[in-house]
Each structure stands twice: as C-alpha cells, then as structure tokens.
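Using numbering that gives the first Met the number 0, read the sequence shown as starting at 0 and increasing by one per residue.
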Amino acid sequence: MLLGAAVLTANDALLKWMTGNYHVAQIMFCRGLFVSIPLALLIWRSGGLRSLHTDNPKGHFIRALLVILGTFLFVSGLKYLTLTDAIAIAFAGPLFITALAPSLLGEHVGWRRWMAVLAGFIGIVIIMRPGGSIFQWAALFPLAASLTGALRDILTRGMSATDTSVALLFYTSLGVILASMVVLPLVWQPVPLKTWGWFAVNGFLIGSAHYLMIETFRYGEAALVAPFKYSGVVYAAILGYLIWGDIPDLRTVIGVTFVITAGIYILHREQVQYKE
C-alpha cells in the first residue's frame, strides 16, 4: 500500500506538470492509450473476451461517466492547487460514502461516524480558507471529484458481484478514451516525442498504482492496510516542495490532519460494525 500510494502520488505530480501545457481532455486521451496496453494483457490473462461479459451496460455507462467527470475535475484542480491540498481534499471520498450510505445503500450510520464525517469536512473547510484573502476556490474541483468517486465506489459495490474487475476497468477506460475524443479536435496541441514518453510513464504509473492497491487488499486485511493510503499526502508534500517549492502552512497541516483522522476513524468503525 505504501508503494501504491507513492506511485499514485507520483502520477498526480506528473499530471499537475502536464496541465501547464495540455488540456485535460488531451491528457486523458493520451494516458488512456497507454493504459490500454497493460489492460489488454490483463484481459488476455483473465480469459480473453469472456472476462468482458456483462449484463449491465447501463451500469458501466454510468460508472464511466462518473470516472470521466471525476478525472476532469481532479486534474482541473491540480492546475491551480498545490499537490498536497488537492490530494488531501480528494481524500474526502470516505466522508461522502458514509454520508450517502443511508440513502443509497440502506446502511445504518451511527453517531460516531457522523461526527467523524463532520470533523473531516471541517478539515476541508480549513484547507479551503473561506472568507480569507487566499480562498482556494479551485479546491471545489477535487472536492467534487471525491463526490463522484464516492458515487462510483457505491455503484461498483453492486456491480462487482456480477462483473469482473477486468470488465469494470475495460469499459471505464474505453469510455474515457471515447469521451475525450469528442473534444480532442478543439484542444489538441502538438506532442513532442519526449512528451509522448511522459504520457507513457503516466499511463504506466496509474496502472501500476491501481494494481498494487488491488493486490494489497487481496492479501491484507483492509483495516490494517487502508490507512497507509493516506501516506500519499506525505509524498505529495515532499514532491510539491522538490518540484514547485510548495511548503504546507499550518492551516493546511491542521486541515489535512482532520481529514485523515476522520477517514481512518470511519474505517475503524466500519470494521467494528462488520464484526458485530
């Protein structure tokens, strides 16, 4: 999980660097092309086209839309925010899942988890600095991205019972490529050969990160390994300083602490409830 979080953060840093020269749609398209290479190998290893069978095309369509919207929002936020702030706010996903669970999943959420959700959103408000001279309006992008990610995860819970992980990855990746192609003629910028190499690295990093995290949850207990995902904030702070010279201020540190603590506590309470 530590390695997966590091690779995913490195990918986000590369995305932030690319947003200075390329439109989000072009980044999504070029990255999608390179992600399709290891995905094709995964399909082959999983039994070929049979692994892509689905009886729920509508679910895949909705899931792809959520991923497209979430990716667009998060990458847009990366362009204006520090790497640390963007990643920390994106960790609001578990807060949204908990808040939506009663209405969308019919799950009971106790007062302890509701208090954790409140604390987490207080942390996000601290990071956004409302009413201050440096209000980070761009923080709304990763916050909205985390909401779409929560909806995607809730949808995936139901779909994973009937569809393979390979099918979920394939149809989502296909949707991202097709959607980005719609606006590609309007935003396309020439890509030097060297930059194509960076797009390839970007695709490799995102694919490797998700593979490492999937394998981590396959062989390790969720309650034990999931908190290590938050190490991505530490990696983000290090990369943000080394590449852009960004140093998190006290308010950011306090806000990040609220968000991470709330997320870990929610996971803990879910494990306690599951065992009961």
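C-beta: ideal position from N, C-alpha, C; glycine also.
| message | Suppose contacts are defined by Cβ-Cβ distances below 8 Å. Is Val-124 in contact with Ala-261 by that definition? | response | Translated into the one-based positions of the sequence shown, residue 124 becomes position 125. Translated into the one-based positions of the sequence shown, residue 261 becomes position 262. No, they are not a contact pair.
| request: With DSSP as the reference, label Trp-113 as helix, strand or coil. | output: The count along the sequence shown starts at 1 and reaches residue 113 at position 114. If DSSP states are grouped into helix, strand and coil, Trp-113 belongs with the helices.
| task | Assign Thr-161 to one of three DSSP states: helix, strand, or coil. | result | Here residue 161 refers to the residue found at position 162 of the sequence shown. Coil, per DSSP.
| message | If the criterion is Cβ atoms closer than 8 Å, does the pair Ala-208 and Val-6 meet it? | response | To locate residue 208, count along the sequence shown from 1; it is residue 209. To locate residue 6, count along the sequence shown from 1; it is residue 7. Their beta carbons are under 8 Å apart, which means Ala-208 touches Val-6 by this criterion.
| request: Write down the C-beta distance between Ala-63 and Thr-171 rounded to the nearest angstrom, noting that I regard them as a contact closer than 8 Å. | output: Locating residue 63 in the sequence shown gives position 64, where the first residue counts as 1. Locating residue 171 in the sequence shown gives position 172, where the first residue counts as 1. So it is a contact: roughly 5 Å between Cβ atoms.
| Whose C-alpha, out of Leu-183, Thr-70, Gln-188, Ser-179, is nearest the C-alpha of Leu-147? | Start at 1 with the first residue of the sequence shown, and residue 147 comes out as number 148. In the sequence on display, residue 147 carries Thr and not Leu. Selected option, being the one with the closest Cα: Thr-70.
| request: Under 6 Å Cβ to Cβ from Ser-179, same chain only, skipping five residues before and after it: list those, please. | output: Translated into positions along the sequence shown, residue 179 becomes position 180. Excluding sequence neighbours, Ser-179 sits near Ala-24, Met-27, Phe-28.
| query | Cα-Cα, which of Val-255, His-267, Glu-269 is closest to Arg-128? | reply | The residue labelled residue 128 in the question sits at position 129 within the sequence shown. Closest by alpha carbon: Val-255.
| task | Would you be able to state if there are at least three C-beta pairs under 8 Å between the stretch 8-16 and the stretch 234-246? | result | yes
| Thr-97, enclosing alpha helix (DSSP H) - first and last residue | Counting from 1 along the sequence shown, the entry for residue 97 is found at position 98. Residues 92-103.
| query | Between the C-alpha atoms of Gly-46 and Ile-121, what's the straight-line distance to the nearest angstrom? | reply | Stepping through the sequence shown from its first residue, residue 46 is reached at position 47. Stepping through the sequence shown from its first residue, residue 121 is reached at position 122. Those two C-alpha atoms are separated by around 47 Å.
| message | Quick check: what's the CA-CA separation for Gly-174 versus Ile-67? | response | If you number the sequence shown from 1, residue 174 lands on position 175. If you number the sequence shown from 1, residue 67 lands on position 68. Approximately 8 Å, taken between the alpha carbons.
| From which residue to which residue does the alpha helix (DSSP H) around Arg-30 run? | Taking the sequence shown and counting its residues from 1, the one referred to as residue 30 is at position 31. Looking at the DSSP string, the run of the alpha helix (DSSP H) that includes Arg-30 is 23-44.
| query | Which residue's Cα is closest to the Cα of Trp-136: Thr-81, Val-182, Arg-112? | reply | To locate residue 136, count along the sequence shown from 1; it is residue 137. Taking only the C-alpha atoms, the option nearest Trp-136 is Thr-81.
| Is the distance from the Cβ of Ala-143 to the Cβ of Val-258 below 8 Å? | One-based indexing of the sequence shown puts residue 143 at position 144. One-based indexing of the sequence shown puts residue 258 at position 259. No, these two residues do not count as a Cβ contact at 8 Å.
| field | Ala-30 versus Asn-201: straight-line alpha-carbon distance, rounded | value | Locating residue 30 in the sequence shown gives position 31, counting from the first residue. Locating residue 201 in the sequence shown gives position 202, counting from the first residue. Just to set this straight, residue 30 is Arg in the shown sequence, not Ala. One C-alpha to the other measures close to 6 Å.
| query | Is it right to say Leu-14 is buried, meaning 16 or more other beta carbons lie within 10 angstroms of its own, or is it exposed? | reply | Counted from its first residue, the sequence shown places residue 14 at position 15. Label assigned to Leu-14: buried.
| What first and last residue would you give for the alpha helix (DSSP H) that runs through Val-232? | For the purposes of this step, residue 232 is identified with residue 233 of the sequence shown, where counting begins at 1. That run of the alpha helix (DSSP H) goes 230-243.
| said: Please classify Ile-126 as buried or exposed, where buried requires at least 16 neighbouring CB atoms within 10 angstroms. | reply: Your numbering for residue 126 matches position 127 in the sequence shown. It counts as buried.
| field | 7 Å CB neighbourhood of Ile-86 in its chain, flanking five on each side removed | value | Your numbering for residue 86 matches position 87 in the sequence shown. Result list for Ile-86: Thr-8, Asp-11, Gly-231, Val-232, Ala-235, in chain order.
| query | What is the DSSP secondary structure of Pro-56, counted as helix, strand or coil? | reply | For the purposes of this step, residue 56 is identified with residue 57 of the sequence shown, where counting begins at 1. Three-state DSSP puts Pro-56 in a helix.
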